[in-house]
Every structure is written in C-alpha cells, then in structure tokens.
Amino acid sequence: MSTDIVIIKDERVTALLDERHILDQDVKQVIAEAEATGVKLYQPDSERYLAKLQTANATFYVEYSPVPEGYQVHTAYFHKSEIVKE
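Here's what the structure looks like:
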C-alpha cells in the first residue's frame, strides 16, 4: 500500500498529534487504507471521513477531508490493543 500521500495539518492538529505520539506515517497509513478499500465513515454535516486501521498493537482513527493538495487532517487518536488467540 502506498503511503506517498500528502497530509495537511494546521498548528493545532500538529500539536495534538505530537501530544498523542501519533506519527505522520501512522496517519498516512490509515488514510491510504481507507481510500484503497473504501472502508470509511462519511459525515455529511462536516463533509469529513473517519477511518481506522488496526495494527498488531494499536488501533488508529483519523478524521480527514480530501482537498486538492492531498488530505486535510482534522484529528486523530489511537488506543493500544492486543490481538490474542484463544
């Protein structure tokens, strides 16, 4: 999956992602997966998408909007998780 996508963040979002220890690469992976698969929630009131990506130890969520220059990131968060086999 290509993560050569362009993300745009304002100062508030940049600070928020830094505070939450979310890397640009994580955000790009979430958006790339959502755009490739079409698995994302559309919020018509705000014209934004919410996408998630589960990795081996965390689930990431990104709220974004497509813009001509790439993807405008509005917020992102994650929670640690562990997949176990019973």
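Residues in the sequence shown are numbered from 12 upward in steps of one, following the working numbering.
A virtual CB, placed ideally from N, CA and C, is assigned to each residue, including glycine.
Just so it is clear, the structure is predicted and the values come from calculations on it, not from any experiment.
E93 (DSSP reduced to helix, strand or coil) | The residue labelled residue 93 in the question sits at position 82 within the sequence shown. In this structure, E93 counts as coil in the three-state DSSP scheme.
- Query: Using 8 Å as the Cβ pair cut-off and three pairs as the minimum, do the segment 49-65 and the segment 14-24 touch?
  - Reply: no
Exercise. Starting from R31, follow its DSSP beta bridges and name the residues at the other end.
Key: The residue given as residue 31 occupies position 20 in the sequence shown. DSSP, once it has assigned bridges, lists no residue as partnering R31.
Name, in chain order, the residues that DSSP records as bridge partners for R59.
-> On the sequence shown, residue 59 is found 48 positions in, with the first residue counted as 1. Paired residue(s): Q54.
Beta-carbon spacing of Y60, Y75 below 7 Å
For the purposes of this step, residue 60 is identified with residue 49 of the sequence shown, where counting begins at 1. For the purposes of this step, residue 75 is identified with residue 64 of the sequence shown, where counting begins at 1. Cβ distance < 7 Å, so Y60 and Y75 count as in contact.
Three-state class that DSSP yields for T70 in the structure shown = Residue numbering aside, residue 70 sits at position 59 when the sequence shown is read from its first letter. Looking at T70 - three-state DSSP - the assignment turns out to be strand.
Worksheet entry | Buried versus exposed call for E30 [16 or more other C-beta atoms within 10 Å across all chains shown] | Residue mapping note: residue 30 aligns to position 19 of the sequence shown, counting from 1. Result: exposed.
Quick check on I16: does DSSP put it in helix, strand or coil?
Here residue 16 refers to the residue found at position 5 when the sequence shown is read from its first residue. It is coil, neither helix nor strand.
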